DNA sequence: CAGATAAAGTGTTCTGTTGACACTTATGGT
DNA sequence: ACCATAAGTGTCAACAGAACACTTTATCTG
């Protein structure tokens, strides 16, 4: 084996695989990114889907995604896809998993890296990018059949979102900068699909010491107005670096 | 943009990117896997490193890894690398992250997907595969400088291991099939770098109801022999599917 | 204006978990 | 016989979490 290996370097001395497959074949992979963009509206979690405008899976539902350019970093590509759709750079854009089944793409060997992002639906009106025929918000608990292995990618992203949402202040992205504790509670209930006791939820949130009391109240609501808070990112970072862990 | 796109399909009608870069350039990526293999010995967490036998980074420390074959799934490639080194199929081989900085490999655009595995050092004596000049167990808290971005990959894997170890019964892989609660505690302390109260640790472990009492005891130890337990994978799966969560 | 409605916001009790710690037990070594 | 070492147990106080009842403050409706 060792001997075999020593013959298996190319002319510049770089290691190449030692089976009888031409060197070039190892450099014919395509790489794409697929973004699972979560939004939140009326107590419901939504996902941004497109209608494909080209083969394969022409006209089918799919996650927004694109091939990575030869001189482009993966994260940059994911940001580009998101920016093409929403014209914003999301604060949360995290890698989920990478999918590379040999037969996942009919046009060749295409690896895809999944990302998930969270945006505030009210703030951004997404529009179809060049590579899509249409773009729609779809309920996260009612996803149609998607192209490629996108159902798997979406399912994984949803699981990862739910795992993270309790441990990182992910959710605050989905709220206006000033919000009531009731809105915050509804958000978490929507994301996690559970319900909390109001009194206990407030106590926990306020005791974590990452909310700034804005000393303002809601207006024009047909009930007692709630006090407005904002998220103290600086304080959160301080606590995080000191090792305290944020847990819902 | 839309118009531009509609011209941007190749002769079979597949979507191709719409910038002025030849189609072929999008399919010149290489894909590799890098495995962070954890082992545990004498209360210390170890990582399996190789000495590279070819350029680039000839003679430097690196993670074991290899290019993925054109007709090989990513997970299969990771399993192959591990099997080449240890002659076993690890029960735990999980994806961590994918790394694709444009300039991470001097020989071209190579994407790499990280994996982490856990094996029992006592059971498997690793040997250098064809693509390595040597293979060594190195203390996880004293890692030398590694080739490529392997230090980053290792750091991420270690963080992910520590996150998972409290939530999945990962650690049992590292112990003999029958073990004492003291050994289990030492393992978790080694992995997580903390120490637990003995009484409380036992209570928690036994209350989780995933340990089988073997009704046997240690032999030839210079102190009171501990009772032996084994991990009840079946019971664990049952509990998991019922939604109860295993937490250290 | 009176009452209904809706959600904000508070206080109290009960219970189970967690951490700290002291103690007893069993084995081999000297 | 005694020591060292680690196994294994019991208790108690403090805290965190769930459950629930209650008060407060706004708009809406007649």
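Chains as they are written, first to last, in our numbering: chain A, -7 to 240; chain B, -7 to 240. Virtual Cβ for every residue (Gly too), placed ideally from N, Cα, C. This one's a predicted model, so the numbers in the text were calculated from it and none came from an experiment.
So what's residue 226/A in DSSP terms, helix, strand or just coil? helix
Does any residue of chain B bring its CB to less than 7 Å from the CB of residue 65/A? yes
Determine, using beta carbons only, whether residue 160/A comes closer than 7 Å to chain B. no
Could you tell me whether any Cβ in chain A is nearer than 7 Å to the Cβ of residue 23/B? yes
For residue 147/A, count neighbouring C-beta atoms within 10 Å of its own C-beta (all shown protein chains included) and say buried if the count is 16 or more, exposed if not. exposed
Within the 7 Å Cβ cut-off, does residue 57/A reach chain B? no
Alpha carbon of residue 104/A to alpha carbon of residue 217/A, nearest angstrom: 47 Å
Exposure of residue 106/B, with buried meaning 16 or more beta-carbon neighbours within 10 Å: buried
Could you name the residues of chain A that residue 93/B contacts, counting a contact when the two beta carbons are closer than 7 Å? 65
Using 8 Å as the Cβ pair cut-off and three pairs as the minimum, do the stretch 111 to 120 of chain B and the stretch 27 to 36 of chain B touch? yes
Extent of the continuous alpha helix (DSSP H) run through residue 76/B: 66 to 78
Give the straight-line distance between the Cα atoms of residue 61/B and residue 233/B, rounded to the nearest whole angstrom. 35 Å
Cβ neighbour criterion (16 or more within 10 Å) applied to residue 196/B: exposed
What residues of chain B sit near residue 100/A, judged by a beta carbon separation below 8 Å? 19
Pick from 230/A, 86/A, 50/A that is closest to residue 42/A, judged by C-alpha positions: 50/A
Using the C-alpha atoms, what's the distance from residue 199/B back to residue 213/A? 49 Å
In angstroms, rounded to a whole number, what distance separates the CA positions of residue 227/B and residue 221/B? 14 Å
Whole-angstrom distance between residue 186/B and residue 241/A, CA atom to CA atom: Because chain A here runs from -7 to 240, residue 241/A falls outside it and cannot be looked at.
Between residue 39/A and residue 157/A, is the Cβ-Cβ spacing less than 7 Å? no
Test: residue 90/B CB closer than 7 Å to a CB of chain A: yes
Check whether chain B comes within 7 Å of residue 103/A, counting only Cβ atoms and requiring the distance to be less than that. yes
Do the CB positions of residue 65/B and residue 93/A come within less than 7 Å of each other? yes
Measure the beta-carbon distance from residue 143/A to residue 152/A and round it to whole angstroms, keeping in mind my assumption that it falls under 8 Å. About 15 Å separates the two Cβ atoms, so there is no contact after all.
Quick one: what does DSSP say residue 49/B is sitting in, helix, strand or coil? coil
Alpha carbon to alpha carbon, how far is residue 53/A from residue 127/A? 9 Å
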